[in-house]
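So the sequence shown is numbered by this note's numbering: it starts at 63 and just counts up by one.
Using N, Cα and C, we set each Cβ at its ideal position, and we do this for glycine too.
This structure is a prediction, so every number in the text was calculated from the model and none was measured.
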Amino acid sequence: MLKRFIRLLKTSPLLLPLLASIDLVLLLVDRLAVLTVRTRPAPLSLVVIRLDVMGDYLMFRNYLRQLKKSARYGNHSITLFGNIAVKSLAETFDSGLIDQFIWVDIYKLSTQPSYRFKVVRALRAQGFSVVFCPAYSRVLVLDDFIAWATGASERVGCRTDYVNIARWEAALGDRLYTRLIDSGPGIVFEMERDRRIVEGFIQEPVAVQPPLLDGHYARAVTVPDRYIVVSLGAGQEFRIWPADRFAKVARFIMMQYPAYKLVLTGAPSEKVYAESFLKHLPDASAIVDLTGLLSIPQLVYVLTKADLLIANETGIAHIAASTQTPSIVISQGKSLVRWHPYPAEYGEMITYLYPDYIEQRRADLSAIAPDFNPESPLSINEISVERVIGTIRAMLQGLES
Numbered sequence: 063m064l065k066r067f068i069r070l071l072k073t074s075p076l077l078l079p080l081l082a083s084i085d086l087v088l089l090l091v092d093r094l095a096v097l098t099v100r101t102r103p104a105p106l107s108l109v110v111i112r113l114d115v116m117g118d119y120l121m122f123r124n125y126l127r128q129l130k131k132s133a134r135y136g137n138h139s140i141t142l143f144g145n146i147a148v149k150s151l152a153e154t155f156d157s158g159l160i161d162q163f164i165w166v167d168i169y170k171l172s173t174q175p176s177y178r179f180k181v182v183r184a185l186r187a188q189g190f191s192v193v194f195c196p197a198y199s200r201v202l203v204l205d206d207f208i209a210w211a212t213g214a215s216e217r218v219g220c221r222t223d224y225v226n227i228a229r230w231e232a233a234l235g236d237r238l239y240t241r242l243i244d245s246g247p248g249i250v251f252e253m254e255r256d257r258r259i260v261e262g263f264i265q266e267p268v269a270v271q272p273p274l275l276d277g278h279y280a281r282a283v284t285v286p287d288r289y290i291v292v293s294l295g296a297g298q299e300f301r302i303w304p305a306d307r308f309a310k311v312a313r314f315i316m317m318q319y320p321a322y323k324l325v326l327t328g329a330p331s332e333k334v335y336a337e338s339f340l341k342h343l344p345d346a347s348a349i350v351d352l353t354g355l356l357s358i359p360q361l362v363y364v365l366t367k368a369d370l371l372i373a374n375e376t377g378i379a380h381i382a383a384s385t386q387t388p389s390i391v392i393s394q395g396k397s398l399v400r401w402h403p404y405p406a407e408y409g410e411m412i413t414y415l416y417p418d419y420i421e422q423r424r425a426d427l428s429a430i431a432p433d434f435n436p437e438s439p440l441s442i443n444e445i446s447v448e449r450v451i452g453t454i455r456a457m458l459q460g461l462e463s
């Protein structure tokens with residue numbers, strides 16, 4: 063609901079006065095916070111602003127190593143100013159590349175002036191010399207205002223696509239940077255976009271980097287010997303395949319492949335989907351329900367040991383790409399090409415299932431991508447149980463052969 067309102071706020075001419083008022087209030091909060099701080103710039107200090115969610119961070123994190131070893135910024139201390147939602151992932155797997163983490167609640171940062179004042183004041187007091195904001199779909203009050211508030215003399219951002227920002231907001235935000243990176247036109251896979259942005263920032267070639275989470279840093283939990291992970295949620299209802307269809311798939315697996323247990327995962331807020339799923343199963347003895355019980359490092363461990371993942375198109379698919387877990391991802395096509403399917407050079411273990419309109423145009427998804435960004439007109443219910451079962455059968459046969 064909140065995401066839909068934000069989208070409406072950015073696109074409706076009727077809500078323009080409200081959007082402008084919110085921007086103005088937050089800008090005034092930032093300026094007031096900055097005026098209360100006196101600090102000296104810390105030389106060779108770089109802050110990376112990454113305030114988006116899990117999938118965005120997973121796409122970007124591979125290139126942190128490029129920053130760390132670059133000729134231009136390799137001698138800088140690196141701070142990540144990030145969304146607290148990715149804290150456990152980043153601190154577990156990337157602490158060797160980041161010298162300091164600063165975590166914030168992005169919803170409080172956007173809606174609570176007193177919280178924002180404290181955060182901006184503390185950030186300004188750090189005295190960073192360089193700020194890098196690699197978000198392509200920038201948000202004025204998060205990315206642009208915060209980059210300016212650091213007080214860094216070198217402020218580098220990206221030319222945006224106007225998905226999360228109105229054009230007049232982008233024009234204002236552009237002026238808050240000392241340099242803007244042009245990562246090229248069109249819709250491209252997000253990891254490729256990030257590669258271009260980092261390349262433009264450090265001003266040296268950056269090679270394609272397949273995603274990878276080092277399993278040695280994952281947090282072990284008790285799991286069955288052989289199992290398939292089923293993830294039922296996706297954050298937005300239109301991206302969620304019905305629980306009764308997942309249950310039909312589960313019954314097929316339990317009957318045809320009894321050697322496998324089924325492990326349910328998901329955030330605590332997704333417990334409702336697990337409960338609905340279990341109601342459709344007369345026998346849940348082959349089900350291990352870990353919904354709401356796993357930290358992200360523990361989820362990484364579970365995926366590392368899994369034989370297969372079956373999920374909606376959401377953050378867990380990007381974690382699975384980083385653990386090289388064979389996966390079946392059910393998608394209605396939202397953000398096609400930009401976020402999925404994974405090109406072979408970035409993740410060849412993931413099979414995406416789409417409605418027929420997309421499947422029939424697999425040979426040239428770029429041609430239809432504009433019709434699916436940022437939203438898809440198709441229903442996830444167009445994907446049948448039979449197609450999912452057929453894909454499971456083919457993948458399990460391939461794994462066991």
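Problem set entry | Rounded C-alpha distance that separates residue 96 from residue 211 | Your numbering for residue 96 matches position 34 in the sequence shown. Your numbering for residue 211 matches position 149 in the sequence shown. Approximately 7 angstroms between the Cα atoms of the pair.
For this session: For residue 217, name the three-state secondary structure that DSSP assigns.
Result: Stepping through the sequence shown from its first residue, residue 217 is reached at position 155. In the three-state scheme derived from DSSP, where H, G and I count as helix and E and B as strand, residue 217 is classed as strand.
For this session: On the DSSP bridge assignment, give the partners of residue 323 in chain order.
Result: As a position in the sequence shown, residue 323 is number 261, starting the count at 1. Partner(s): 289.
Exercise. Based on the DSSP output, what are the partners of residue 139 in its beta bridges?
Worked result: In the sequence shown, residue 139 corresponds to position 77, counting from 1. According to DSSP, which records beta bridges pairwise, residue 139 is partnered with 107.
For this session: Along the beta strand (DSSP E) that carries residue 389, what are the first and last residues, could you check?
Result: Taking the sequence shown and counting its residues from 1, the one referred to as residue 389 is at position 327. Note, residue 389: beta strand (DSSP E), 389-392.
Problem set entry | Closest by C-alpha distance to residue 290, when choosing among 454, 133, 444 | Along the sequence shown, one-based indexing puts residue 290 at 228. Per the Cα distances, 454.
Problem set entry | Neighbour-count burial assignment, residue 102, 16 or more Cβ in a 10 Å radius | Numbered from its first residue, the sequence shown carries residue 102 at position 40. So residue 102 counts as exposed.
Exercise. Candidates 274, 339, 405, 223: which alpha carbon is nearest residue 304's?
Worked result: Stepping through the sequence shown from its first residue, residue 304 is reached at position 242. The option with the nearest alpha carbon to residue 304 is 339.
For this session: To the nearest angstrom, report how far apart residue 276 and residue 128 are at their CA atoms.
Result: For the purposes of this step, residue 276 is taken as residue 214 along the sequence shown, with counting starting at 1. For the purposes of this step, residue 128 is taken as residue 66 along the sequence shown, with counting starting at 1. If you draw a straight line from the Cα of residue 276 to the Cα of residue 128, it is about 17 angstroms long.
Exercise. For the segment 396-410 against the segment 236-250, are there 3 or more C-beta pairs whose distance is under 8 angstroms?
Worked result: Between the segment 396-410 and the segment 236-250 there are three or more inter-stretch CB-CB distances shorter than 8 angstroms, so the stretches are counted as touching.
Exercise. Can you give the beta carbon distance from residue 392 to residue 375, rounded, assuming they're within the 8 angstroms contact cut?
Worked result: Mapped onto the sequence shown, residue 392 falls at position 330. Mapped onto the sequence shown, residue 375 falls at position 313. Between residue 392 and residue 375, the beta carbon gap of about 7 angstroms places them in contact (Cβ cut-off 8 angstroms).
Problem set entry | Rounded distance between the beta-carbons of residue 194 and residue 488, thought under 8 angstroms | The structure shown does not extend to residue 488, since the chain is modelled only from 63 to 463, so the question has no answer here.
Problem set entry | Assumed close pair residue 113, residue 192 - CB separation to whole angstroms, cut-off 8 angstroms | As a first step, residue 113 must be located in the sequence shown, where it is residue number 51. As a first step, residue 192 must be located in the sequence shown, where it is residue number 130. In fact, because the Cβ distance is near 17 angstroms, the residues do not count as touching under 8 angstroms.
Exercise. Under the rule that 16 or more other beta-carbon atoms within 10 Å means buried, what is residue 138, buried or exposed?
Worked result: As a working mapping, residue 138 is identified with position 76 in the sequence shown. Under this definition residue 138 is a buried residue.
Exercise. Is the Cβ-Cβ distance between residue 196 and residue 260 less than 8 angstroms?
Worked result: Here residue 196 corresponds to residue number 134 of the sequence shown, with the count starting at 1. Here residue 260 corresponds to residue number 198 of the sequence shown, with the count starting at 1. The answer is yes: Cβ separation under 8 angstroms.
Exercise. Can you tell which of 74, 104, 141, 316 has the C-alpha that lies nearest to the C-alpha of residue 346?
Worked result: Numbered from its first residue, the sequence shown carries residue 346 at position 284. The shortest Cα separation from residue 346 among 74, 104, 141, 316 belongs to 316.
Exercise. By a C-beta neighbour count over all protein chains shown, 10 Å radius and 16 as the cutoff for buried, is residue 321 buried or exposed?
Worked result: By one-based count along the sequence shown, residue 321 stands at place 259. Exposed is the call here.
Exercise. Could you give the residue range of the beta strand (DSSP E) that holds residue 294?
Worked result: Sequence index remark: in the sequence shown, residue 294 carries index 232 (1-based). Unbroken run through residue 294: none, as it is neither H nor E.
Exercise. Helix, strand or coil for residue 64 per DSSP?
Worked result: Position 2 of the sequence shown, counting from 1, holds the residue named residue 64. Per-residue confidence for residue 64 stands at a pLDDT of 48, beneath the threshold of 50, marking its modelled position as unreliable; the derived number appears in the next sentence. Helix.
For this session: Identify whether residue 201 lies in helix, strand or coil by the three-state DSSP scheme.
Result: Taking the first residue of the sequence shown as 1, we reach residue 201 at position 139. In the structure shown, residue 201 adopts coil according to DSSP, grouped into three states.
For this session: Verify whether the separation of the beta carbon atoms of residue 353 and residue 323 is less than 8 angstroms.
Result: Taking the sequence shown and counting its residues from 1, the one referred to as residue 353 is at position 291. Taking the sequence shown and counting its residues from 1, the one referred to as residue 323 is at position 261. Residue 323 sits away from residue 353, with the two beta carbons spaced by 8 angstroms or more.
Exercise. When the distance is taken between beta carbons, is residue 181 closer than 8 angstroms to residue 203?
Worked result: The sequence position of residue 203 within the sequence shown is 141, counting from 1. The sequence position of residue 181 within the sequence shown is 119, counting from 1. Going by C-beta atoms, residue 203 is not nearer than 8 angstroms to residue 181.
Problem set entry | For residue 162: DSSP bridge partner residues | Here the question's residue 162 lines up with position 100 in the sequence shown. Paired residues: 141.
Problem set entry | Opening and closing residue of the alpha helix (DSSP H) in which residue 95 lies | Here residue 95 is taken as the residue at index 33 of the sequence shown, counted from 1. In this chain, the alpha helix (DSSP H) harbouring residue 95 covers 78-97.
Exercise. If you count every other CB in all the chains shown that lies within 10 Å of the CB of residue 205, and 16 or more means buried, which is it?
Worked result: Start at 1 with the first residue of the sequence shown, and residue 205 comes out as number 143. Counting the other CB atoms within 10 Å of its CB gives residue 205 a total of 16 or more, which places it among the buried residues.
For this session: Can you tell me which of the three DSSP states residue 156 falls into?
Result: Taking the first residue of the sequence shown as position 1, residue 156 is located at position 94. Coil.
Exercise. Given 8 angstroms as the limit, is there contact between the segment 437-444 and the segment 293-313, that is, 3 or more CB pairs closer than that?
Worked result: At 8 angstroms Cβ cutoff, the stretches touch.
Problem set entry | Nearest residue (CA-CA) to residue 87, options 364, 457, 171 | For the purposes of this step, residue 87 is identified with residue 25 of the sequence shown, where counting begins at 1. Out of 364, 457, 171, 171 has the C-alpha closest to the C-alpha of residue 87.
Exercise. Taking residue 133 as the reference, which of 214, 143, 264 has the closest Cα?
Worked result: Position 71 of the sequence shown holds residue 133. Answer by Cα proximity: 264.
Exercise. Hey, residue 273 and residue 408: beta-carbon distance below 8 angstroms or not?
Worked result: Residue numbering aside, residue 273 sits at position 211 when the sequence shown is read from its first letter. Residue numbering aside, residue 408 sits at position 346 when the sequence shown is read from its first letter. Yes, the Cβ-Cβ distance between residue 273 and residue 408 is below 8 angstroms.
Exercise. Taking the beta strand (DSSP E) that residue 243 falls in, what are its first and last residues?
Worked result: Residue numbering aside, residue 243 sits at position 181 when the sequence shown is read from its first letter. 241-243 is the extent of the beta strand (DSSP E) around residue 243.
Problem set entry | Nonlocal neighbours in the same chain, by C-beta distance under 8 angstroms from residue 240, ignoring five residues either side | Taking the first residue of the sequence shown as 1, we reach residue 240 at position 178. Cβ neighbours of residue 240 beyond the five flanking positions: 215, 216, 217, 218.
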